[in-house]
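Here's the structure we're looking at; comments come further down.
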Amino acid sequence: MNEIFINPDLVLLSLVSSILFVVGVIRSYYLSEDYNRLEFNSAFFVIVMFVIRSIGFVFNIHLSFFTQSDTLLFLNGTFLFLGFSLLALNSVITKLTNISFVFIMLILGILLFPFLYFLVKESVFSEIHVLDQGKFSFLFLVSGSIVWFFEVFFKGEEAIQEHENKHSSIFLLGLPLALLTTFSNLNTESIYLNLPKFIIIFASFLIGIGLVPRKSNNSRKVSLLAILSSTTFYGLTMTESIWIHLPISIVIGIFVPLVWDWLANKNWSDSAIELFIPNCLIASLAVFSPFLLVKSQDWFHSPLVMLGVQTLFLLSVFLLSALVASLVYLFPKKRKN
Numbered sequence: 242m243n244e245i246f247i248n249p250d251l252v253l254l255s256l257v258s259s260i261l262f263v264v265g266v267i268r269s270y271y272l273s274e275d276y277n278r279l280e281f282n283s284a285f286f287v288i289v290m291f292v293i294r295s296i297g298f299v300f301n302i303h304l305s306f307f308t309q310s311d312t313l314l315f316l317n318g319t320f321l322f323l324g325f326s327l328l329a330l331n332s333v334i335t336k337l338t339n340i341s342f343v344f345i346m347l348i349l350g351i352l353l354f355p356f357l358y359f360l361v362k363e364s365v366f367s368e369i370h371v372l373d374q375g376k377f378s379f380l381f382l383v384s385g386s387i388v389w390f391f392e393v394f395f396k397g398e399e400a401i402q403e404h405e406n407k408h409s410s411i412f413l414l415g416l417p418l419a420l421l422t423t424f425s426n427l428n429t430e431s432i433y434l435n436l437p438k439f440i441i442i443f444a445s446f447l448i449g450i451g452l453v454p455r456k457s458n459n460s461r462k463v464s465l466l467a468i469l470s471s472t473t474f475y476g477l478t479m480t481e482s483i484w485i486h487l488p489i490s491i492v493i494g495i496f497v498p499l500v501w502d503w504l505a506n507k508n509w510s511d512s513a514i515e516l517f518i519p520n521c522l523i524a525s526l527a528v529f530s531p532f533l534l535v536k537s538q539d540w541f542h543s544p545l546v547m548l549g550v551q552t553l554f555l556l557s558v559f560l561l562s563a564l565v566a567s568l569v570y571l572f573p574k575k576r577k578n
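Counting from 1 along the sequence shown, just add 241 to a position and that's the residue number in our numbering.
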């Protein structure tokens, strides 16, 4: 994945962070009665990923993500793909059979995510110079787009009526480290320098969200929103000055509660709103943030061409995500009692 040399200790710490991310997603968006089922599904997911990796090496097939040389970085990416797959699918676990749920998890993890990784790192999106400095925005866009699709076209029971772990957002604090180590082209020193900036952007989102009073103020939801929002927003333009990001982050944070209340009035479930806002809405805004945050002399294209390139990237990810999500109509569903 990341061809720049990274300190092995940092890679190991990143692996721990990615595993904790998966734990945090499960504890935040799934019921305890589904934990055993999800543990089995997650283990099966990791095994299948390793089988594909082994096939690639045995038959000397270049599979981009799967055949990278560093096993720890491959594991990092595998757990991140698993975590974002679980984010995307939390609303349908109550409606699909276990086989259907595992199957769509595998479609996301072994087909869509690796395919987009290939496009971003080695193929079309790299060649046309999509401006995405972190190289991981597709993860947020895919999960957010699928959450939107299921909420609009396949709405069912909310995955969790009341979250059982009020401190589950702690497990997601290492997400920026895991993403930077696994997907970006930064070296060890640059990763260390960028981590405090993510914390500052996280704080600015918290300030913005806190400036607008809401009827219900759940600290866990606010923390998760701020973590996901700051990571996806700052990841695309993280080489730019932190002082440029701060006011924009605060302004976006101010609008978050307003969008939340508007979607709640549209009868969206809390978990869908909580994931749609940072992973789809703010991630989409981040795709076009270079127009405000990156100096024009650092652009790869003229303004109109750059607008077309960024739009092509966003629409491609969105349409591929919607296509995968629509496959859920073909899978067996749980029978209603």
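C-beta: ideal position from N, C-alpha, C; glycine also.
According to the DSSP assignment, F307 belongs to no alpha helix (DSSP H), since it is labelled neither H nor E.
Contact between E368 and S305 does not hold, since their C-beta atoms are separated by about 14 Å, which reaches or exceeds 8 Å.
At the C-beta level, V565 and I348 come within 9 Å of one another. Assignment of L337 by DSSP, reduced to helix, strand and coil, places it in the strand class. Burial state of I288 is exposed, judged by a 10 Å Cβ sphere holding fewer than 16 other Cβ atoms. The Cβ-Cβ distance between L477 and P531 falls below 9 Å. Counting along the chain, no alpha helix (DSSP H) covers P519, and no H or E run does either. Contact between S341 and A513 is absent: CB atoms are separated by about 20 Å, not below the 8 Å threshold. Residue range P544 to S567 is occupied by the alpha helix (DSSP H) that includes Q551. When the five nearest sequence neighbours on each side are left out, no beta carbon in the same chain lies closer than 6 Å to the beta carbon of L561. Look at K507 here: in three-state DSSP terms it is coil, with no helix or strand label.
With distances taken between CA atoms, M346 lies nearest to I387 out of L314, N317 and I387. When DSSP states are grouped into helix, strand and coil, K376 belongs to the coil group. C-alpha of L413 to C-alpha of H542: approximately 35 Å in a straight line. Here the C-alpha atom of A524 lies approximately 17 Å from the C-alpha atom of F424. Burial check for W501: the Cβ neighbour count within 10 Å reaches 16 or more, so the residue is buried. Taking C-beta atoms as the reference points, S431 and L487 fail to come closer than 9 Å. The shortest C-alpha to C-alpha distance from T422 to any of L533, E481, L314 and P519 is the one to L314. Put simply, the backbone Cα of F320 is about 6 Å away from that of S259. DSSP, read as helix, strand or coil, puts K536 in coil.
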